[in-house]
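Student: The listed protein sequences correspond, in order, to chains A and B.
If you count by this note's numbering, then the first sequence holds residues 1 to 498, one letter each, in order.
If you count by this note's numbering, then the second sequence holds residues 1 to 498, one letter each, in order.
Pasting in a structure now, in structure tokens, and then I'll have a few things to ask.
There are 2 protein chains.
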Amino acid sequence: MALTGVLKLAILAVSLAASAPAFAEEAAPRLSDSEFARAKQIYFDRCAGCHGTLRKGATGPNLEPEKTRVIPVESLAIVLAEGTAGGMPPWKGILSNEEMELVSRYLHLDPPLPPEWSMDQVRESWKLVVPVDKRPKSPPKRNWQNYFGVIQRDVGKVSVIDGDTKEVLSTLDTGFAVHILRTSASGRYMYSIGRDGKATMIDLWMDPPGIAAEIKTGIDARSIDTSKYKGELGDFTDTYAVVGNYWPPHYVIMKGDTLEPLKIVSTRGYTYDTNEFHPEPRVASIVSSHNAPEFVLNIKETGVVLLVDYSKLDAGTVTETKINAERFLHDGGWDSTKRYFLVAANMRNKVAAIDTLERKLAALIETGNKPHPGRGANWTDPEYGPVWATPHMGEPMVAVIGTDPEGHPEHAWKVVRKIPVAGNGLFIKTHPKSDNIWVDNILSKDAEVAQTLTVISKSDIGAEPINLRLSDWGKLVHMEYNRAGDEVWVSVWERRAR
Amino acid sequence: MALTGVLKLAILAVSLAASAPAFAEEAAPRLSDSEFARAKQIYFDRCAGCHGTLRKGATGPNLEPEKTRVIPVESLAIVLAEGTAGGMPPWKGILSNEEMELVSRYLHLDPPLPPEWSMDQVRESWKLVVPVDKRPKSPPKRNWQNYFGVIQRDVGKVSVIDGDTKEVLSTLDTGFAVHILRTSASGRYMYSIGRDGKATMIDLWMDPPGIAAEIKTGIDARSIDTSKYKGELGDFTDTYAVVGNYWPPHYVIMKGDTLEPLKIVSTRGYTYDTNEFHPEPRVASIVSSHNAPEFVLNIKETGVVLLVDYSKLDAGTVTETKINAERFLHDGGWDSTKRYFLVAANMRNKVAAIDTLERKLAALIETGNKPHPGRGANWTDPEYGPVWATPHMGEPMVAVIGTDPEGHPEHAWKVVRKIPVAGNGLFIKTHPKSDNIWVDNILSKDAEVAQTLTVISKSDIGAEPINLRLSDWGKLVHMEYNRAGDEVWVSVWERRAR
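Below, the structure written as structure tokens:
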């Protein structure tokens, strides 16, 4: 195959300011208050993402005391140090031996109930750094629609880079462990959300780009988006922003241009299949519909997809369509028509296709070992018509799914191709103007493979993909096209300062 | 005024099998396990209805330890014994002194968290007593559409009476403290719901009427209804039943003809106004829409009205429109067009009018001291057009509200009349074929007034209402018209066996 377009790679280093404070306190049979507080914090920072704050399990297994107490503390500490074949990373070298032992002892105790975070706290945290009328009235002279945002996760910063000149325009403090960045419907604002629940709004019209507002919507969060619908029911471009939280399990709707909080809605509820109450159903990901005044929220533990209609929020009404999908929903994206939303239930090895028009599950598709699409990638397959694809955390394979039940009913919601790639990975990316499909191999245990991207050709889809090793350090992840579609940017992920 | 129609009164005695077991255990500074269990049960049976299982307050004030501990146990016991001016009944004579002291001590302790009640328990409790194909294929020869159901609350029984012949056809065991009875859309089934969360389905085509199915949907419940919509979106007559629970705070949707449980949805969430998380938002009342495939659920603590769309339940989808109304929603009913639903927020002295077409709050109307409409009463006022009315728990007055924003916009959502009645009361009732509006005075402290019904004439609405003392014992409540509209039945409520 041939790589089409002009390919330039900007390799960006993401560094971790190493901080491993000495833990000197003598190990005791029970945890002292200070040990408990420290273990709780380490668990929250390192473990809760997969196992849940209440330890009920999700991407990782249940770690409630009835499960953990049958395993000696020493054995738990070894598991922490070495990682597991199931996908838990080894923590030795990142946590100290004392920290791992502390967490292991903590796991024998009942998980503490984290505090609530209601409107009073949300409002208290809100900072309108630059009011709307103090912001620029016109865009900067730069090609701001080709700006790139880059998260430096472990130092809690976001940089904005001019995609034309490659200048770093701003590096902004955005909070602990920023998880994602999203651009507003108009493109003017960039929103980040961190694992500390802090949302930050960056105004790209400021010169240089700067923080316009920030707010802490909870104690742990992973997703943010803004309203994108414009049509018969109104123009909601940038009107609302929404953050989905891990803890407390809720979502917060804010004004899009100021982050002023308007409404909190709980996600606590029952699992879709067994109808058991779950105290911690986390909002795993959010996308915003162009076809309806709705956000699409994926609730991990209950396996429910919520279509949240914000069109009557002014009148005090929110409508939530709860669609049964599959447990452990994680990330996903639209098909090419934006009628169907495809979301990975990664611990069930499935992708759920949600029909947002008929408002129901269209299909559950078995794809492979732990699909992780990011937002997936859409193109028109020469044989199968419109398709959407996802890589996998658990195997080196891209699953290609037919998404056109009207034009290609025989292929709809079936895996029509399984394309082998170099390693297990997290993201896939393409651009309508590009013939290339980019896939990372970041989860490969082979360091060189993790430094390699796999490139698939849309027009020559049956051909052997090309593997490009583009770095001799770190791991490659997060491919992003520029606006023109003739350039791909990639992050080099490195856990330690280089 | 003249009483029109033939008026016959059937006075039905409701008796309480007195049970006041001796409480002999010596009072201790702290509660023993058995004392705690007993106090918890008394609190649950007698106090939780108004104060909440978690004691956060609703119809009655908050009773969490930070509020109660500043009051000595002895003083609390006196309040329990004597009742309050705010509306708490005196418990002396109903609870023993020892029981009141026990509850007072219990109120100084942290409220225990009641257990969950998930699908496993719900399903386990389900008894299909008579399968659908074993039930009668045709109605009995009696005039079954004029059957009356009468709750004997404190003995946990429901009687079915032939309205034509006045014969008691069946007396059925329905569970602890049955709260309401509802008839299915077709009229064939009668459903009861008890304070133990037990729903019972009575088949009126059986001869005599008998129990067809039962299920325990939770630990405490207050409301039940069935789907009534028939139209373009399908025929849902009797298709689904729904129970609204106090604990756990959720609703359960079942098959209408068998009570087979299908879906549990949590109501735990945030208050509509302050956006604070509330662990116990109780489903206070439910009505079923004829205009849309929806149940209307009133959530007391959060002040939210839910429109629950059941039309896609088969596909695993439930849509919940959350309408901000007012705190402490209790009971309510439709306007004459069934577009607007009027619900009392009784501790806020208001009625909320919900526009179920526009899906928002139409108005909040200040009516008087603690409105309690039951389902209210509709008629056409000679001066103000279509109106809806509610009596009050806190004052002897019926508030009449204009409900016709199109035909009578100047009167819409305003109190157009305040009609004085004999005493404070709970219910109001009329019939399209009757000129009479019946109001009870059951909350009057004057025993003779509580034995009196007030009758208002629709055609001579400005005239002095007529007061009819119809019993020389007990208290009068629950007026029900017969099918023809020419007869009213009334219950005599007596807490002790006569």
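Glycine included, every Cβ here is placed at the ideal spot set by N, Cα and C.
Bear in mind the structure is a predicted one, so any value in this text is a computation, not a measurement.
1) Considering only C-alpha positions, which residue in the set A/404, A/198, A/103 and A/378 is nearest to residue 121 of chain A?
2) Would you please verify whether the beta carbon of residue 317 of chain B is less than 7 angstroms from any beta carbon of chain A?
3) Along the region 441-456 of chain B, what residues have a CB closer than 9 angstroms to any CB found in chain A?
4) From the DSSP secondary-structure annotation, give me the bridge partner or partners of residue 474 of chain B.
5) Contact defined as beta carbons within less than 8 angstroms: I believe residue 286 of chain B pairs with residue 242 of chain B. What is the distance between those atoms, to the nearest angstrom?
6) Near residue 482 of chain B, which residues of its chain fall below 6 angstroms by C-beta distance, leaving aside the five closest residues on each side in sequence?
7) Distance cutoff 7 angstroms, beta carbons only. Does residue 374 of chain B sit that close to anything in chain A?
8) Which class does residue 313 of chain B belong to by DSSP, given the choice of helix, strand or coil?
9) Could you list which residues in chain B have their beta carbon closer than 8 angstroms to that of residue 528 of chain A, in chain order?
10) With a threshold of 7 angstroms between beta-carbons, can residue 56 of chain A be considered close to chain B, or not?
11) Taking Cβ positions only, does residue 163 of chain A come closer than 7 angstroms to chain B?
12) Can you give me the C-alpha to C-alpha distance between residue 73 of chain B and residue 278 of chain B, rounded to a whole angstrom?
13) According to the neighbour-count rule (16 or more other Cβ atoms, all chains shown, within 10 Å of its Cβ), is residue 30 of chain B buried or exposed?
14) Going by C-alpha distance, which of B/291, B/317, B/304 and B/446 is nearest residue 263 of chain B?
15) Give the DSSP-derived three-state secondary structure of residue 307 of chain A in the structure shown.
16) Can the beta-carbon of residue 42 of chain B be found less than 7 angstroms from the beta-carbon of residue 103 of chain B?
17) So is residue 307 of chain A buried or exposed if we call it buried at 16+ other beta carbons inside 10 Å?
18) May I ask you to report which of helix, strand or coil DSSP gives residue 391 of chain A?
19) Which partner residues does residue 321 of chain A have in the DSSP bridge list?
20) Using 7 angstroms as the limit for Cβ to Cβ distance, is residue 44 of chain B near chain A?
21) Any beta carbon from chain A within less than 7 angstroms of residue 483 of chain B's own beta carbon?
22) Residue 264 of chain A versus chain B: which residues are under 7 angstroms apart at the beta carbon?
23) Could you check which residue in A/473, A/474, A/426 and A/433 has the C-alpha nearest to that of residue 527 of chain A?
24) Of all the residues that make up the region 285-319 of chain A, which are near chain B by a beta-carbon distance shorter than 7 angstroms?
25) Check the C-beta distance from residue 353 of chain A over to residue 362 of chain A and give it rounded, since I have them as a contact under 8 angstroms.
26) By alpha-carbon positions, which one of B/473, B/406, B/451 and B/377 ends up nearest to residue 431 of chain B?
27) So, residue 218 of chain B versus residue 334 of chain B, is the Cβ gap smaller than 7 angstroms?
28) If contact means a Cβ-Cβ distance below 7 angstroms, which residues of the region 322-356 of chain A contact chain B?
29) If residue 360 of chain A and residue 312 of chain B are in contact, beta carbons under 8 angstroms, what's the gap, nearest whole angstrom?
30) Excluding sequence positions up to five away, which residues of its chain have a Cβ less than 7 angstroms from the Cβ of residue 448 of chain B?
31) If the cut-off is 7 angstroms on Cβ atoms, which residues from the region 204-233 of chain A count as contacting chain B, listed in chain order?
32) Output the boundary residues of the beta strand (DSSP E) element that contains residue 408 of chain A.
33) Taking the alpha carbon of residue 397 of chain B as the reference point, which residue from B/382, B/126, B/418 and B/381 has its own alpha carbon closest?
34) Taking the beta strand (DSSP E) that residue 384 of chain B belongs to, which residues open and close that run?
35) Which residues, taken in chain order from the region 115-129 of chain A, show a beta carbon closer than 8 angstroms to some beta carbon of chain B?
36) Could you tell me whether the Cβ atoms of residue 393 of chain B and residue 443 of chain B are closer together than 7 angstroms?
Tutor: So, from the data block:
1) Against the first sequence, residue 121 of chain A aligns to sequence position 121. Of the candidates A/404, A/198, A/103 and A/378, the one whose C-alpha sits nearest the C-alpha of residue 121 of chain A is A/198.
2) Counting from 1 along the second sequence, the entry for residue 317 of chain B is found at position 317. Among the residues facing chain A, residue 317 of chain B is included, as its CB has a counterpart in that chain under 7 angstroms away.
3) Against chain A - using a Cβ distance shorter than 9 angstroms - the region 441-456 of chain B contributes no residues.
4) Along the second sequence, one-based indexing puts residue 474 of chain B at 474. The partner list for residue 474 of chain B (beta bridge, DSSP) is empty, contrary to what the question assumes.
5) Your numbering for residue 286 of chain B matches position 286 in the second sequence. Your numbering for residue 242 of chain B matches position 242 in the second sequence. Contact holds; Cβ gap of about 6 angstroms.
6) Here residue 482 of chain B corresponds to residue number 482 of the second sequence, with the count starting at 1. Once the five neighbours on either side are set aside, the close Cβ partners of residue 482 of chain B are 146 and 163.
7) Locating residue 374 of chain B in the second sequence gives position 374, where the first residue counts as 1. It does not; no Cβ of chain A falls within 7 angstroms.
8) For the purposes of this step, residue 313 of chain B is taken as the residue at position 313 of the second sequence. In the structure shown, residue 313 of chain B sits in a helix (DSSP, three-state: H, G or I).
9) Nothing can be reported for residue 528 of chain A: it is not among the residues displayed for chain A, which extend from 1 to 498.
10) Along the first sequence, one-based indexing puts residue 56 of chain A at 56. Answer no: the Cβ-Cβ gap between residue 56 of chain A and chain B never drops below 7 angstroms.
11) Position 163 of the first sequence holds residue 163 of chain A. With its beta carbon at least 7 angstroms from every one in chain B, residue 163 of chain A lies outside the interface.
12) Walking along the second sequence from the start, residue 73 of chain B turns up at place 73. Walking along the second sequence from the start, residue 278 of chain B turns up at place 278. Rounded to the nearest angstrom, the two C-alpha atoms are 27 angstroms apart.
13) The count along the second sequence starts at 1 and reaches residue 30 of chain B at position 30. It is exposed - the Cβ of residue 30 of chain B has fewer than 16 other Cβ atoms within 10 Å.
14) Position 263 of the second sequence, counting from 1, holds the residue named residue 263 of chain B. Ranking the options by Cα distance to residue 263 of chain B, first place goes to B/317.
15) Sequence index remark: in the first sequence, residue 307 of chain A carries index 307 (1-based). In the three-state scheme derived from DSSP, where H, G and I count as helix and E and B as strand, residue 307 of chain A is classed as strand.
16) As a first step, residue 42 of chain B must be located in the second sequence, where it is residue number 42. As a first step, residue 103 of chain B must be located in the second sequence, where it is residue number 103. Yes, they are a contact pair.
17) Mapped onto the first sequence, residue 307 of chain A falls at position 307. Label assigned to residue 307 of chain A: buried.
18) For the purposes of this step, residue 391 of chain A is taken as the residue at position 391 of the first sequence. If DSSP states are grouped into helix, strand and coil, residue 391 of chain A belongs with coil.
19) In the first sequence, the residue the question calls residue 321 of chain A occupies position 321. Residue pairing from DSSP places residue 321 of chain A in a beta bridge opposite A/307 and B/319.
20) The residue given as residue 44 of chain B occupies position 44 in the second sequence. So, not an interface residue.
21) Within the second sequence, residue 483 of chain B is the residue found at index 483, counting from 1. Residue 483 of chain B does not count as touching chain A.
22) Here residue 264 of chain A is taken as the residue at index 264 of the first sequence, counted from 1. Within chain B, 270 and 275 have C-beta atoms less than 7 angstroms from the C-beta of residue 264 of chain A, given in sequence order.
23) In the structure as shown, chain A begins at 1 and stops at 498. Residue 527 of chain A is therefore absent and cannot be evaluated.
24) If you check each beta-carbon in the region 285-319 of chain A against every beta-carbon of chain B, the ones closer than 7 angstroms belong to 312, 315, 316, 317, 318 and 319.
25) What you label residue 353 of chain A is simply residue 353 of the first sequence in a count that begins at 1. What you label residue 362 of chain A is simply residue 362 of the first sequence in a count that begins at 1. Right, their Cβ atoms sit about 4 angstroms apart.
26) Working through the second sequence from its first residue, we reach residue 431 of chain B at position 431. It is B/377.
27) Working through the second sequence from its first residue, we reach residue 218 of chain B at position 218. Working through the second sequence from its first residue, we reach residue 334 of chain B at position 334. No, they are not a contact pair.
28) In summary, the residues of the region 322-356 of chain A whose CB is separated from some CB of chain B by less than 7 angstroms are 322, 323 and 324, in the order they occur in the chain.
29) Locating residue 360 of chain A in the first sequence gives position 360, where the first residue counts as 1. Locating residue 312 of chain B in the second sequence gives position 312, where the first residue counts as 1. Yes, residue 360 of chain A and residue 312 of chain B are in contact; Cβ-Cβ is about 6 angstroms, under 8 angstroms.
30) For the purposes of this step, residue 448 of chain B is taken as residue 448 along the second sequence, with counting starting at 1. Around residue 448 of chain B: 469.
31) Correct list: empty, as no residue qualifies.
32) On the first sequence, position 408 is the one that residue 408 of chain A refers to. That residue, residue 408 of chain A, is in no beta strand (DSSP E); it is neither H nor E in DSSP.
33) Within the second sequence, residue 397 of chain B is the residue found at index 397, counting from 1. Ranked by Cα distance from residue 397 of chain B, the first of B/382, B/126, B/418 and B/381 is B/418.
34) In the second sequence, the residue the question calls residue 384 of chain B occupies position 384. Element bounds for residue 384 of chain B: n/a, residue is neither H nor E.
35) Residues passing the 8 angstroms Cβ filter: 116, 118, 119, 120 and 122.
36) Taking the second sequence and counting its residues from 1, one reaches residue 393 of chain B at position 393. Taking the second sequence and counting its residues from 1, one reaches residue 443 of chain B at position 443. Going by C-beta atoms, residue 393 of chain B is nearer than 7 angstroms to residue 443 of chain B.
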